[in-house]
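**Q**
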Amino acid sequence: MPIIWYIQAMPLLLLTSFIWAFSFGLVKKYLAGLDAGFVAFARLALALLLFLPMLRPRRVPIAMKLRLAGIGMVQFGMMYVFYIESFRYLAAHEVALFTIFTPLYVAAAADLLERRFRPLYLWTALLAVAGTAVIVYSRPDMSEWLAGFLLVQASNVCFALGQVLYRRLPADARGWRDRDVFAWLYLGGTAVAVLAMMLGSGMPTLELGRGQLLALLYLGLLASGVGFFLWNVGARRVSTGLLAVFNNVKIPLSVAVSLIVFSERADLVRLVLGGALILVALALNFLILPLNSKHDHDSGS
Numbered sequence: 007m008p009i010i011w012y013i014q015a016m017p018l019l020l021l022t023s024f025i026w027a028f029s030f031g032l033v034k035k036y037l038a039g040l041d042a043g044f045v046a047f048a049r050l051a052l053a054l055l056l057f058l059p060m061l062r063p064r065r066v067p068i069a070m071k072l073r074l075a076g077i078g079m080v081q082f083g084m085m086y087v088f089y090i091e092s093f094r095y096l097a098a099h100e101v102a103l104f105t106i107f108t109p110l111y112v113a114a115a116a117d118l119l120e121r122r123f124r125p126l127y128l129w130t131a132l133l134a135v136a137g138t139a140v141i142v143y144s145r146p147d148m149s150e151w152l153a154g155f156l157l158v159q160a161s162n163v164c165f166a167l168g169q170v171l172y173r174r175l176p177a178d179a180r181g182w183r184d185r186d187v188f189a190w191l192y193l194g195g196t197a198v199a200v201l202a203m204m205l206g207s208g209m210p211t212l213e214l215g216r217g218q219l220l221a222l223l224y225l226g227l228l229a230s231g232v233g234f235f236l237w238n239v240g241a242r243r244v245s246t247g248l249l250a251v252f253n254n255v256k257i258p259l260s261v262a263v264s265l266i267v268f269s270e271r272a273d274l275v276r277l278v279l280g281g282a283l284i285l286v287a288l289a290l291n292f293l294i295l296p297l298n299s300k301h302d303h304d305s306g307s
């Protein structure tokens, strides 16, 4: 994989991480009380509208359109429904911190698709779980915490699988650029969100406040629209190992923003100790999956 791709991709992944750092606090402060399906629908519908003018449907065969929409259903639609619902049970900085497991799922998904298995992943996962236990051990509402934690992990799995599937799209079979087809992913994600909304409380009849509207605009157009596009373009240009690393760049930024900007409270000692254990687990994980793996699938954008 050319080194120039890495140089071009890393600023995209870093910029997206900064954009996403504010998302957790905004969802918790303004949108956590709304139906998760509706919030997911609003975000993805705005992102879809942003990319519809760039859609080039004639350049893509029907089979690839369905494949792209399917990836969007998992990476965006299912991911958002689980992710947004988790804010009912967790603080914003906790949701951000628990996305730290995503690199394990990125590596595991890549291995699954390549029919490999490295059992050391199990030990790193157990160590990461131990770090999580340190952070939440003193919480009185463990049942609610567990529900939120599992929802975040379901979200992480969907996001990891979508990234791996998108970066494995065959470059030599494409006559299109990422921006020409990205609306297909948002279309698939929006379809899932509509279904979740209809199965839930349906389209809300309440009037959204100014803060909620501004939060949805930021999250839909910038975090979901621009952010996911930049992220998936960058993901196609780096190795699986480096992608796993960048999945966690947003976490310290998001935790800091949630605590400082949105004034959340946390046990800082437990947060630091538990976070350190999780980081050790990730360091071990990267010993298994080097940053420039020879098994990585080359692809262009």
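Using this note's numbering, count along the sequence shown one by one with no gaps and you end on 307. Glycine included, each C-beta is placed from N, C-alpha and C at the ideal position.
On a Cα-Cα basis, can you pick out the residue from F155, R122, M84, A75 that is closest to F47?
**A** M84
**Q** Quick one: Cα of F57 to Cα of V278, how far?
**A** The straight-line gap from Cα to Cα measures roughly 40 Å.
**Q** Tell me the DSSP secondary structure of G78 in three-state form.
**A** Of the three classes helix, strand and coil, the one that applies to G78 here is helix, per DSSP.
**Q** Output the boundary residues of the alpha helix (DSSP H) element that contains A46.
**A** 42-57
**Q** May I have the straight-line CA-CA distance separating P176 from F268, to the nearest angstrom?
**A** Approximately 42 Å between the Cα atoms of the pair.
**Q** Please name the residue, chosen from Q169, P17, R185, A75, that lies closest to P59 on a Cα-to-Cα basis.
**A** R185
**Q** Output yes or no for whether 8 Å exceeds the beta carbon distance between F103 and V261.
**A** The sequence shown places Leu at residue 103, not Phe. Yes, they are a contact pair.
**Q** Can you tell me the Cα-Cα spacing of Q218 and S92, whole angstroms?
**A** 18 Å
**Q** Express the C-alpha separation of L152 and R49 in angstroms, rounding to a whole number.
**A** 26 Å
**Q** Determine the DSSP secondary structure at F24, reduced to helix, strand or coil.
**A** helix
**Q** Relative to the C-alpha of L28, which residue among L171, P258, L274 is closest?
**A** The identity of residue 28 in the sequence shown is Phe, whereas the question assumes Leu. Nearest C-alpha to F28: P258.
**Q** Could you tell me if I77 is buried or exposed, where buried requires 16 or more neighbouring beta carbons within 10 angstroms of its beta carbon?
**A** Looking at its Cβ environment, which holds 16 or more other Cβ atoms inside 10 Å, I77 is buried.
**Q** So M148 is in the alpha helix (DSSP H); what residue range does that whole segment cover?
**A** Start and end: 148-173.
**Q** Does P17 come out as helix, strand or coil in the three-state DSSP assignment?
**A** helix
**Q** For Y95, does the three-state DSSP call read helix, strand or coil?
**A** coil
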